[in-house]
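Participant:
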Amino acid sequence: MKARMTGLMVLFLFGTLTLSAQKTAESFKVNGNCDMCKVRIEKAAKSVEGVLSASWNMRSKMAEVEYDSTMTDLSKIQMAIADAGHDTEMHKADDEAYNKLPACCKYKRKKE
47 MKARMTGLMV
57 LFLFGTLTLS
67 AQKTAESFKV
77 NGNCDMCKVR
87 IEKAAKSVEG
97 VLSASWNMRS
107 KMAEVEYDST
117 MTDLSKIQMA
127 IADAGHDTEM
137 HKADDEAYNK
147 LPACCKYKRK
157 KE
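Under this note's numbering, the first residue of the sequence shown carries the number 47, and numbering increases by one thereafter.
1) Is the number of C-beta pairs between the segment 145-155 and the segment 95-104 that are closer than 8 Å three or more?
2) How should A90 be labelled, buried or exposed, when 16 other C-beta atoms within 10 angstroms of its C-beta is the threshold for buried?
3) Between the Cα of A67 and the Cα atoms of R86, K157 and E112, which residue gives the shortest distance?
4) Could you tell me the alpha carbon to alpha carbon distance between K154 and N79, rounded to whole angstroms?
5) Tell me the rounded alpha-carbon separation between I127 and E72.
6) Just tell me which of D129, M117 and M136 has its CA closest to the CA of K69.
7) Name the DSSP beta bridge partners of V76, please?
Pasting the structure below:
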């Protein structure tokens with residue numbers, strides 16, 4: 047009987063934890079050129095607490111991220127990528143971060 051109660055409690059706790067996580071998937075444009083950019087962009091996105099996965103397509107310039115929306119949001123993820131030197135739809139990298147990129151990673155920036 048005690049083992050059954052313990053088992054039910056464990057199932058209840060796992061069920062509660064699963065319900066509290068809000069998995070969200072989003073796609074957005076990120077400027078970059080090469081495989082080095084891909085590694086940097088994905089690493090920056092994954093460095094944000096709550097990001098479950100991140101991938102960037104070099105041809106389409108689109109990033110796809112999955113994250114727990116109770117822990118982070120799209121703006122924070124895009125800000126981390128911009129801080130690494132890559133412009134996103136929501137945030138432009140500052141000149142200092144952009145200028146630190148290797149030559150092959152320097153994409154054409156829009157004049158503002």
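Positions of the beta carbon are idealized from the N, C-alpha and C atoms, including for glycine.
Facilitator: According to the data block:
1) no
2) Buried, since its Cβ has 16 or more Cβ neighbours within 10 Å.
3) E112
4) 10 Å
5) Approximately 14 Å, taken between the alpha carbons.
6) M117
7) T134
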